[in-house]
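Numbering (this note's numbering), first residue to last: -18 to 63.
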């Protein structure tokens, strides 16, 4: 798994700052867990298991936060596979 650096700029990004605390953690967790091509399984259940393994977040909340993260970064694309 690749290791990602979190640049200090993220703490001053107004769009990221508009997210609730759990949303900011999810935002960082998504890009730090993505593969070298920036891909990561986007299902709320997968993200909950990998980014919030010890928290009592619901999959509904994670899905809502994931969608908010996608709104603030127009390079993100989420696809739900059946």
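Quick reminder that beta carbons are idealized off the backbone N, C-alpha and C, glycines included.
None of these values were measured; they are calculated from a predicted model.
Report back the beta-carbon spacing between residue i and residue j to the nearest angstrom; my notes put them in contact at under 8 Å.
{"i": "residue 43", "j": "residue 28", "result": "5 Å"}
{"i": "residue -15", "j": "residue 8", "result": "The pair is not a contact, with the Cβ atoms about 12 Å apart (cut-off 8 Å)."}
{"i": "residue 3", "j": "residue 46", "result": "6 Å"}
{"i": "residue 26", "j": "residue 39", "result": "Actually they are not in contact, since the Cβ atoms of residue 26 and residue 39 sit about 10 Å apart, beyond 8 Å."}
{"i": "residue 49", "j": "residue 0", "result": "6 Å"}
Give me, in chain order, the residues of the same chain whose beta-carbon lies closer than 7 Å to that of residue i; leave out the 5 immediate sequence neighbours on both sides.
{"i": "residue 15", "result": "21"}
DSSP three-state label for residue i, please.
{"i": "residue 106", "result": "A question about residue 106 goes unanswered here, because the residues of the chain that appear run from -18 up to 63."}
{"i": "residue -15", "result": "coil"}
{"i": "residue 26", "result": "helix"}
{"i": "residue 47", "result": "helix"}
{"i": "residue 2", "result": "helix"}
{"i": "residue 42", "result": "helix"}
Identify, in the order they occur along the chain, each residue of the same chain with its Cβ nearer than 6 Å to the Cβ of residue i, setting aside the five sequence neighbours on each side.
{"i": "residue 33", "result": "none"}
{"i": "residue 37", "result": "none"}
{"i": "residue -4", "result": "53"}
For residue i, I'd like the list of residues in its chain whose CB is within less than 8 Å of its CB, leaving aside the five on either flank, ordered along the chain.
{"i": "residue 31", "result": "10 and 14"}
{"i": "residue -13", "result": "9 and 13"}
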